[in-house]
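J.: In the UniProt record's numbering, the protein residues as written are 1 to 52.
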Amino acid sequence: MAKITIKELESLTANDAGRILREDGNLAGRISVRKDGVSVSFFYRYRWGLVV
1 MAKITIKELE
11 SLTANDAGRI
21 LREDGNLAGR
31 ISVRKDGVSV
41 SFFYRYRWGL
51 VV
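#1: Let me know if I31 comes out buried or exposed under the rule of 16 or more other beta-carbons within 10 Å of its beta-carbon.
#2: Report the three-state DSSP secondary structure of L9 (helix, strand or coil).
#3: Give the range of the beta strand (DSSP E) segment to which R22 is assigned.
#4: Mind checking whether V40 and A14 have CB atoms under 8 Å apart?
#5: On the three-state DSSP scale, how would you describe A28?
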């Protein structure tokens with residue numbers, strides 16, 4: 001897995017809707033389409049013991 005870059009974010013289109021971008025370190029973003037363009041909602045997952 002690689003870092004999410006500005007270039008990658010700028011190249012997203014409506015065809016990418018539903019896809020999840022993943023980055024090293026448990027950061028991820030879900031791509032969705034809004035009326036004013038494409039949106040990425042980022043979330044961070046962490047592990048505490050054996051629970052995600």
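All C-beta atoms, glycine included, are put in the ideal place defined by N, C-alpha and C. Given the structure is predicted, the values throughout are model-derived calculations rather than measurements.
T.: Quick look at the numbers:
#1: Sixteen is the threshold: when 16 or more other Cβ atoms of the shown chains lie within 10 Å of the Cβ of I31, as they do, the residue is buried.
#2: Residue state, collapsed to three classes: helix.
#3: 20-23 is the extent of the beta strand (DSSP E) around R22.
#4: It is not a contact, given that the beta carbons lie outside the stated cut-off.
#5: Note: A28 maps to strand in three-state DSSP.
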